[in-house]
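Peer 1: Pasting a structure below so you can have a look.
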Amino acid sequence: MRILFDLGHPAHVHFFKYVIRNLEREGHQVKICVRERESIVKTLLASYGYAYENLERNTPGLLNKAVTMIKNDIRLFKISQKFDPDLYVSMTSPYSSQVSKLRGKPSIVFTDSEPTGLILSLTLPFTDAVITPINFKKDLGKKHVRISGFKESAYLHPNWFRPDPGVLDLLGVSKEEKYTLLRFNAFDASHDIGIKGFSGDDKKHLVRELEKYSRVFISSETQLPADLEDYAIRIPPHKMHDVLYYASLLVGDTQTSTTEAAYLGTPAVRCNSFVGPDDMSNFVELERTYGLIFNFADPDEAIGKSIELIQRPDIKQEWAVKREKLLQEKI
22 MRILFDLGHP AHVHFFKYVI RNLEREGHQV KICVRERESI VKTLLASYGY AYENLERNTP
82 GLLNKAVTMI KNDIRLFKIS QKFDPDLYVS MTSPYSSQVS KLRGKPSIVF TDSEPTGLIL
142 SLTLPFTDAV ITPINFKKDL GKKHVRISGF KESAYLHPNW FRPDPGVLDL LGVSKEEKYT
202 LLRFNAFDAS HDIGIKGFSG DDKKHLVREL EKYSRVFISS ETQLPADLED YAIRIPPHKM
262 HDVLYYASLL VGDTQTSTTE AAYLGTPAVR CNSFVGPDDM SNFVELERTY GLIFNFADPD
322 EAIGKSIELI QRPDIKQEWA VKREKLLQEK I
């Protein structure tokens, strides 16, 4: 079988990397196409030894995204004429779904984010199946397939992930030393329009308070203020999950990193304006059912909870028990 994967985010690389490896081992042919939102996608693919084809980079603004869609549909169609895939797979890519329909071939998409309404409306009519976590709030009709799991399990379950303690040497921290990872979002995706996270002042406040109790490292999708540059983490991108595993705490305004922390048994505080009555189902479940994360819309409340958590001496042991429950109940 010939399978085309359309990837647009680092999390997509992680989600599909073992699937792609196993398919190739079984003799299937795989083509990877990349929508380069950030160079880390290509860096990750290179680190895993995967070749790829380039699509147009997505840009902010609805008009720009509409133009990009047309360009990428044309580009992907041309790639498909040469590769002739039997199946298209993506994380809610309208490009691969639309091209698959034009070519009369099946398409499978995965999504775990309810706010991607616009993207879903441009994808759902053209795909054959949409796979989501079981508690996904929207009913996507007869094409909807619900599974009892999260996408992060595909690469962070112990069957796949083995933490590398050597990352501590890269960070310059000892095994006994606490450190906090701060992760900040760019909020430039189509479903992020109007969404806010930590402000510049909030980020500085976080660092000032948390460095009283631990080392602090920052991973940011946007340029940091000059006085926070020294905290920027500088490691190979494929080592980030090792960093997250050994961290005492994750604090951020991102989505995927929060779920990843839950799967790795690292306490996580998430803060952005998605949080509220209409928050995404996976974060509600991880907080209310498993107690692995904390969701806040108010930055001051998030900072207060972060200060409380980093001072708890045995929190990683406590979270290991919670993580085990998650691993037992989810695929």
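Offset between the sequence shown (1-based) and my numbering: plus 21.
A virtual CB, placed ideally from N, CA and C, is assigned to each residue, including glycine.
(1) Note down, in chain order, each residue of its chain lying with its Cβ closer than 7 Å to the Cβ of residue 169, except the 5 sequence neighbours on either side.
(2) Please go through the region 237-292 and give each complete alpha helix (DSSP H) segment of 4 or more residues, from N-terminal end onward.
(3) Give the single residue among 299, 312, 291 whose Cα lies nearest to the Cα of residue 325.
(4) DSSP three-state call for residue 43: helix, strand or coil?
(5) Start and end of the alpha helix (DSSP H) containing residue 85?
(6) Count the other C-beta atoms from every protein chain shown that fall within 10 angstroms of the C-beta of residue 106, then say buried if there are 16 or more, exposed otherwise.
(7) Tell me where the alpha helix (DSSP H) around residue 342 begins and ends.
(8) Given this structure, state the Cα-to-Cα distance separating residue 318 from residue 242, to the nearest angstrom.
(9) For residue 237, which residues from the same chain have a beta carbon less than 6 Å from its beta carbon, with the 5 sequence-adjacent residues on both sides left out?
(10) So residue 274 packs on residue 219, CB below 8 Å; how close in whole Å?
(11) By Cβ distance below 7 Å, which residues in the same chain neighbour residue 297 in space, the five residues on each side in sequence not counted?
(12) According to DSSP, is residue 307 helix, strand or coil?
(13) Check residue 128 in the structure and name its three-state DSSP category.
(14) Any idea if residue 93 is buried or exposed, counting beta-carbon neighbours within 10 angstroms, 16 or more meaning buried?
(15) With C-beta atoms as the reference, is residue 239 less than 8 Å away from residue 293?
(16) Does the beta-carbon of residue 300 have 16 or more other beta-carbons within 10 angstroms, so that it is buried, or is it exposed?
(17) Over the uninterrupted beta strand (DSSP E) stretch that includes residue 322, give me the two end residues.
Peer 2: Once the coordinates are examined:
(1) If we look at residue 169 and ignore the five residues flanking it on each side, its Cβ neighbours are 155, 351, 352.
(2) Along the region 237-292, the alpha helix (DSSP H) occurs as fully enclosed runs of 4 or more residues at 261-267, 277-285, listed in sequence order.
(3) The residue from 299, 312, 291 with its alpha-carbon nearest to that of residue 325 is 291.
(4) In the structure shown, residue 43 sits in a helix (DSSP, three-state: H, G or I).
(5) For residue 85, the uninterrupted alpha helix (DSSP H) segment begins and ends at 83-104.
(6) Residue 106 comes out buried.
(7) Counting along the chain, residue 342 sits inside the alpha helix (DSSP H) bounded by residues 336-350.
(8) Cα to Cα, residue 318 sits roughly 20 Å from residue 242.
(9) Result list for residue 237: 201, 228, 231, 252, in chain order.
(10) Here residue 274 really is in contact with residue 219; their C-beta atoms are around 5 Å apart, less than 8 Å.
(11) Once the five neighbours on either side are set aside, the close Cβ partners of residue 297 are 318.
(12) Helix.
(13) The answer is strand: DSSP assigns residue 128 an E or B state.
(14) Flag for residue 93 reads buried.
(15) Not in contact: residue 239 and residue 293 (Cβ atoms no closer than 8 Å).
(16) Buried: at least 16 other Cβ atoms inside 10 Å.
(17) Looking at the DSSP string, residue 322 is not in any beta strand (DSSP E); the run it does join, the alpha helix (DSSP H), is 320-331.
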